[in-house]
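**Student:**
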Amino acid sequence: MPVLQVEHLTTNYKTLRGWVQACDDVNFEVEKGEAMGLVGESGCGKTTVALSLLKLLPSAGRIRKGRILFNGNDLVKMSDSQIRKIRWKGIAIIFQGAMNALNPVFKISDQITEAIKIHEPHVSRTQSRERVEALLEMVGIDKTRANNYPHEFSGGMRQRALIAMALAANPEVLVADEPGTALDVIVQAQILKLLRELKDKLNLSMVFISHDLSIVAETCEKLAIMYAGQVVEYGDTKSVFAKPLHPYTQGLLGAFPSIKGERKKLVSIPGQPPDLLMPPTGCRFNPRCPYVMDVCKKVDPKILPVDQSNHLARCHLYPQE
Amino acid sequence: MKFGLKRSKKEQQSSSSASVEGENTRPEAKDMTQIPSEYQDAIISARGLKKYFPVKQGFVSSIVGQQSFVKAVDDVSFYVRKGEVFGLAGESGSGKSTTGRLLLRLTDITAGNVYFKGKDISKLGPRALKPLRKEMQIIFQDPYESLDPRMTIKEIVAEPLRIQRLAKTEEEIEERVKQILTEVEVFPPEEYLYRFPHELSGGQRQRVAVARAFVVNPEFVVADEPVSMLDVSIRAEVLNSMLELVQKHQVSFIYITHDLALARHVCDRLAIMYLGKIVEMGPTEEVINNPLHPYTQALIAAIPIPDPDYRRGNLPISGEIPSPLNPPQGCTFHTRCPYAFSECTRNEPPLLEVEPGHWVSCHMIRKQ
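Line by line, the protein sequences give chains S and V. So that you can map any letter, position 22 of the first sequence is 37 in this note's numbering, and since no number is skipped, the others follow by simple counting. So that you can map any letter, position 294 of the second sequence is 606 in this note's numbering, and since no number is skipped, the others follow by simple counting.
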């Protein structure tokens with residue numbers, strides 16, 4: 016059974032002008048020890064999915080439909096006190112922007128200890144001290160730096176400290192929201208390597224959120240491509256890269272420059288992502304799609320397996336049942 | 313010089329030889345060993361360019377101690393030909409943006425010279441610079457901040473024309489604005505003239521910023537990370553229409569970026585910067601496919617590849633870029649270099665031409 020199963024997740028934000036459909040009918044599964052990449056541009060609902068998983072949505076956000084099954088238990092139905100037991104111990108999150116996610120007036124060790132203490136109140140001070148040192152060592156920070164403040168750390172070290180903190184209560188699932196963004200390439204490569212190693216060592220399941228296809232290509236076994244709040248393509252990383260089915264994925268791959276291989280002309284997708292307050296009728300990608308047909312403007316396609324494989328696409332180009 | 317810096321011998325030589333100001337500044341014979349003849353017919357060139365920012369200090373150390381400096385740009389020399397796209401790449405804090413601003417004289421130069429069409433502009437005052445501003449322009453990184461939210465698109469694009477008095481009548485201004493907006497594919501221009509920046513998407517905003525830079529027909533443009541704030545699906549489009557303008561008007565273009573994969577698709581020549589110095593410079597394909605400096609090699613090895621079958625080897629270097637306040641002695645890269653030997657900790661390696669047009673600053677290269 017998958018550790019995490021998301022079914023028909025629909026999260027909207029209430030605004031004065033109506034519901035913003037930030038996340039609409041999102042489905043995916045993450046197995047034990049597997050990393051799933053959630054890829055899309057800014058404003059496509061990636062972070063909303065992440066926040067929904069832990070029910071950390073801002074007050075305007077509502078999960079209006081769907082189920083989030085963590086080891087078979089539906090998180091959507093849980094009360095606040097129940098979900099608090101899942102957070103950090105079951106599912107932990109590394110937030111976007113390592114620079115701002117740490118509290119500047121507390122020592123790194125105190126911030127990690129706090130996480131341990133909340134979830135395991137009986138742990139003694141020396142034990143938690145040892146745990147903090149072990150965690151820091153695991154992410155490659157010298158334990159003598161435990162009593163430093165965040166401003167004494169470089170960007171890469173802060174990101175490492177955040178990873179250590181997320182792992183403080185031995186979670187089963189780690190949600191990483193853009194862990195490499197805002198870091199320099201070399202540091203980013205170090206952090207990604209660390210995450211890959213930790214995943215193998217601790218048999219972690221990961222939901223890896225990124226806007227960068229090349230980062231998830233290296234890190235994840237499975238991919239979900241999001242566009243305008245919906246998952247438009249879902250499958251093994253290898254098959255998505257080898258044979259992208261959805262026109263949006265095809266466009267994204269064409270827009271990505273590579274340092275290897277031939278120097279090709281970059282092609283972009285004309286137009287811009289829609290306003291999620293009033294998404295286009297039918298397929299949400301239809302105003303930008305090069306293969307648009309009449310049916311695309313009327314009927315919202317379902318996400319279905321193509322050629323009986325486990326590679327799914329949400330597109331009228333493929334038979335809808 | 314401004315802060316009473318101790319100048320190195322080398323720098324004194326170069327600045328004395330370049331002190332002959334005027335139209336025909338030619339490097340003297342002894343400089344020719346370091347500086348290729350291309351510098352003479354370049355549109356813009358920098359020689360021995362330096363920018364040291366003084367660091368704020370506490371009260372006591374400001375009296376007792378010595379003033380310390382952040383060496384943001386430290387002895388940088390390069391040139392850009394007519395119609396050429398020159399890339400400045402490096403990590404954050406490597407001094408690439410400061411270099412761009414120094415060339416445009418938006419920041420005061422500590423030492424060194426900037427030549428624009430053969431004329432030394434490094435010591436010109438604001439009044440003398442004003443007519444030059446129509447020939448050199450900049451495109452900033454963030455279109456959400458670089459456009460005045462209270463000005464209409466027309467006013468934003470027309471402002472350089474008004475300041476430089478390049479159009480006589482209001483009709484002419486509108487005509488020029490419409491024309492340039494069409495060229496950057498903000499289409500149809502009539503629909504956008506009286507809109508405000510907040511009504512436009514990020515991609516359109518950056519196109520307006522491009523239009524504002526190109527409306528005065530500049531000969532030299534600096535683009536500081538022009539597409540890093542944009543989404544991938546629209547990035548290529550903005551970039552392509554910018555490059556079309558560059559080609560059409562034969563503009564000398566400096567493209568500042570941290571993204572080598574993108575730089576490869578944009579630039580004719582590429583310079584890699586590390587802690588205020590150029591460590592490698594050459595034709596783009598040459599630098600990317602045959603990197604000679606260990607830092608360039610590491611940078612390229614660290615770039616993620618959009619191919620799930622690609623397996624990354626171990627990273628050749630560890631750690632992060634040291635503080636520019638206290639850069640390492642000798643070669644600034646030796647603290648992270650896997651090949652560092654005793655020479656590297658003592659002497660700074662000169663930038664040498666290893667193959668035609670391919671310059672590297674590394675002791676390893678000299679040894680061979």
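Virtual Cβ for every residue (Gly too), placed ideally from N, Cα, C.
#1: At a cut-off of 7 Å, is residue 474 of chain V close to the ligand MG when judged by its beta-carbon and the heavy atoms of the ligand?
#2: Counting only beta-carbon atoms, is residue 157 of chain S nearer than 8 Å to chain V?
#3: Which same chain residues end up closer than 6 Å to residue 344 of chain V when comparing Cβ atoms and leaving out the 5 residues on each side of it in sequence?
#4: Which chain V residues sit within Cβ distance under 8 Å of residue 297 of chain S?
#5: Could you check whether residue 398 of chain V and residue 543 of chain V sit closer than 8 Å to each other, using their CB atoms as the reference points?
#6: For residue 383 of chain V, tell me which candidate among V:410, V:364, V:390, V:368 has the shortest Cα-Cα distance.
#7: Any idea if residue 87 of chain S is buried or exposed, counting beta-carbon neighbours within 10 angstroms, 16 or more meaning buried?
#8: Sorted by chain position, which residues of the same chain lie with C-beta nearer than 6 Å to residue 309 of chain S's C-beta, five sequence neighbours on each side aside?
#9: Closer than 8 Å between beta carbons: that is the criterion. Which residues of the segment 199-218 of chain S meet it against chain V?
#10: Measuring CB to CB, does residue 83 of chain S end up less than 8 Å from residue 150 of chain S?
#11: So, does the CB of residue 547 of chain V fall closer than 8 Å to a CB anywhere in chain S?
#12: With respect to the beta strand (DSSP E) encompassing residue 589 of chain V, which residues constitute its N-terminal and C-terminal limits?
#13: May I ask which residues mark the beginning and end of the beta strand (DSSP E) holding residue 428 of chain V?
#14: Report the neighbours of residue 576 of chain V on chain S: residues whose CB is nearer than 8 Å to its CB, in chain order.
#15: In three-state DSSP terms, what is residue 333 of chain V?
#16: If we count the other Cβ atoms within 10 Å of its Cβ and call it buried at 16 or more, is residue 322 of chain S buried or exposed?
#17: Hey, is residue 652 of chain V's beta-carbon within less than 8 Å of any beta-carbon in chain S?
#18: Among residues of its own chain, excluding the 5 on either side of residue 27 of chain S, which ones have a beta-carbon nearer than 7 Å to its beta-carbon?
#19: Select from the segment 591-620 of chain V all residues with a C-beta closer than 7 Å to any C-beta belonging to chain S, and list them in chain order.
#20: What number of angstroms, rounded off, separates the C-alpha of residue 507 of chain V from the C-alpha of residue 467 of chain V?
#21: Just to check my reading of the structure: residue 492 of chain V and residue 534 of chain V have Cβ atoms closer than 8 Å, yes? What is that Cβ distance to the nearest angstrom?
#22: Work out the CA separation of residue 651 of chain V and residue 224 of chain S for me, nearest whole Å.
#23: Can you give me the Cβ contacts of residue 301 of chain S inside the same chain, cut-off strictly under 8 Å, excluding the 5 residues immediately before and after it?
#24: Shortest alpha-carbon distance to residue 572 of chain V belongs to which of S:200, S:207, S:119?
#25: Using the three-state DSSP reduction, which class does residue 263 of chain S fall into: helix, strand or coil?
#26: Taking all protein chains shown into account, decide if residue 622 of chain V is buried (16 or more other Cβ within 10 angstroms of its Cβ) or exposed.
#27: So, does the CB of residue 256 of chain S fall closer than 8 Å to a CB anywhere in chain V?
#28: 8 Å is my cut-off, CB to CB: does residue 452 of chain V come that close to chain S?
#29: What would DSSP say about residue 11 of chain S, mapped onto helix, strand or coil?
#30: Excluding five sequence neighbours on each side, which residues of the same chain lie with their C-beta closer than 6 Å to the C-beta of residue 608 of chain V?
#31: Buried or exposed for residue 439 of chain V, going by 16 or more other Cβ atoms inside 10 Å?
#32: Please list, in chain order, the chain V residues whose beta carbon lies closer than 7 Å to that of residue 290 of chain S.
#33: Using a Cβ-Cβ cut-off of 8 Å, state whether residue 543 of chain V counts as contacting chain S.
#34: Would you say residue 35 of chain S faces chain V, with C-beta separation under 8 Å as the test?
#35: Distance, Cα to Cα, residue 90 of chain S vs residue 190 of chain S?
#36: Is there at least one Cβ from chain C nearer than 8 Å to residue 470 of chain V's Cβ?
**Tutor:** Quick answer:
#1: In the structure shown, the ligand MG is absent, as is every other ligand, since no ligand is present at all.
#2: The residue you call residue 157 of chain S lines up with position 142 of the first sequence. It does not; no Cβ of chain V falls within 8 Å.
#3: Position 32 of the second sequence, counted from the first residue, corresponds to residue 344 of chain V. The predicted position of residue 344 of chain V is uncertain, since its pLDDT is 38 and thus under 50; a value taken from the coordinates is nonetheless stated next. Correct list: empty, nothing qualifies.
#4: Within the first sequence, numbered from 1, the residue matching residue 297 of chain S stands at position 282. Under the 8 Å cutoff, chain V gives no residues; its nearest Cβ is about 20 Å from residue 297 of chain S.
#5: Against the second sequence, residue 543 of chain V aligns to sequence position 231. Against the second sequence, residue 398 of chain V aligns to sequence position 86. Not closer than 8 Å, so no.
#6: Taking the first residue of the second sequence as 1, we reach residue 383 of chain V at position 71. Selected option, being the one with the closest Cα: V:364.
#7: Indexing the first sequence from 1 puts residue 87 of chain S at position 72. Answer is exposed; the Cβ neighbour count stays below 16.
#8: Within the first sequence, numbered from 1, the residue matching residue 309 of chain S stands at position 294. Closer than 6 Å at Cβ, skipping near neighbours: no residue.
#9: 199, 200, 201, 202, 203, 204, 205, 207, 208
#10: In the first sequence, residue 83 of chain S corresponds to position 68, counting from 1. In the first sequence, residue 150 of chain S corresponds to position 135, counting from 1. Their beta carbons are not under 8 Å apart, which means residue 83 of chain S does not touch residue 150 of chain S by this criterion.
#11: By one-based count along the second sequence, residue 547 of chain V stands at place 235. Closer than 8 Å: yes.
#12: For the purposes of this step, residue 589 of chain V is taken as the residue at position 277 of the second sequence. The continuous beta strand (DSSP E) containing residue 589 of chain V extends over residues 589-595.
#13: One-based indexing of the second sequence puts residue 428 of chain V at position 116. Here the beta strand (DSSP E) through residue 428 of chain V covers 423-428.
#14: Here residue 576 of chain V is taken as the residue at index 264 of the second sequence, counted from 1. 272, 274, 278, listed in chain order.
#15: In the second sequence, counting from the first residue as 1, residue 333 of chain V sits at position 21. Its pLDDT being 38, under 50, residue 333 of chain V is placed unreliably by the model, and the measurement read from it follows with that caveat. Coil at residue 333 of chain V, not helix or strand.
#16: The count along the first sequence starts at 1 and reaches residue 322 of chain S at position 307. With fewer than 16 other Cβ atoms within 10 Å, it is exposed.
#17: The residue given as residue 652 of chain V occupies position 340 in the second sequence. Not closer than 8 Å to any Cβ of chain S, the Cβ of residue 652 of chain V fails to qualify, so no.
#18: Residue 27 of chain S sits at position 12 when you count from the first residue of the first sequence. Closer than 7 Å at Cβ, skipping near neighbours: 34, 35, 36, 37, 77, 79.
#19: 600, 610, 611, 612, 614, 615, 616, 617, 618, 619, 620
#20: Working through the second sequence from its first residue, we reach residue 507 of chain V at position 195. Working through the second sequence from its first residue, we reach residue 467 of chain V at position 155. Going by the C-alpha atoms only, they are around 10 Å apart.
#21: As a first step, residue 492 of chain V must be located in the second sequence, where it is residue number 180. As a first step, residue 534 of chain V must be located in the second sequence, where it is residue number 222. Actually they do not touch by this definition, with Cβ atoms about 18 Å apart.
#22: If you number the first sequence from 1, residue 224 of chain S lands on position 209. If you number the second sequence from 1, residue 651 of chain V lands on position 339. Distance between the alpha carbons of residue 224 of chain S and residue 651 of chain V: 36 Å.
#23: As a position in the first sequence, residue 301 of chain S is number 286, starting the count at 1. Excluding residues within five positions, the ones whose Cβ falls inside 8 Å are 295, 307, 311, 312.
#24: One-based indexing of the second sequence puts residue 572 of chain V at position 260. Closest option to residue 572 of chain V, judged by alpha-carbon separation, among S:200, S:207, S:119: S:200.
#25: Within the first sequence, residue 263 of chain S is the residue found at index 248, counting from 1. Reduced to three states, the DSSP call for residue 263 of chain S is helix.
#26: Taking the first residue of the second sequence as 1, we reach residue 622 of chain V at position 310. The residue in question, residue 622 of chain V, is exposed, as its Cβ has fewer than 16 Cβ neighbours within 10 Å.
#27: Within the first sequence, residue 256 of chain S is the residue found at index 241, counting from 1. Yes, residue 256 of chain S counts as interfacial toward chain V.
#28: One-based indexing of the second sequence puts residue 452 of chain V at position 140. No, its Cβ sits nowhere closer than 8 Å to a Cβ of chain S.
#29: Since the displayed chain S opens at 16 and closes at 336, residue 11 of chain S lies outside it and no answer follows.
#30: Locating residue 608 of chain V in the second sequence gives position 296, where the first residue counts as 1. Taken in chain order, the residues that qualify are 584, 592.
#31: Locating residue 439 of chain V in the second sequence gives position 127, where the first residue counts as 1. Exposed is the call here.
#32: By 1-based counting over the first sequence, the position of residue 290 of chain S is 275. In chain order: nothing, as chain V lies at least about 10 Å away.
#33: Position 231 of the second sequence, counted from the start, is the residue given in the question as residue 543 of chain V. Cβ-Cβ to chain S under 8 Å: yes for residue 543 of chain V.
#34: The residue you call residue 35 of chain S lines up with position 20 of the first sequence. Not an interface residue.
#35: Position 75 of the first sequence, counted from the start, is the residue given in the question as residue 90 of chain S. Position 175 of the first sequence, counted from the start, is the residue given in the question as residue 190 of chain S. Between residue 90 of chain S and residue 190 of chain S, the C-alpha separation is close to 15 Å.
#36: Chain labels in this structure do not include chain C; the protein chains are S and V.
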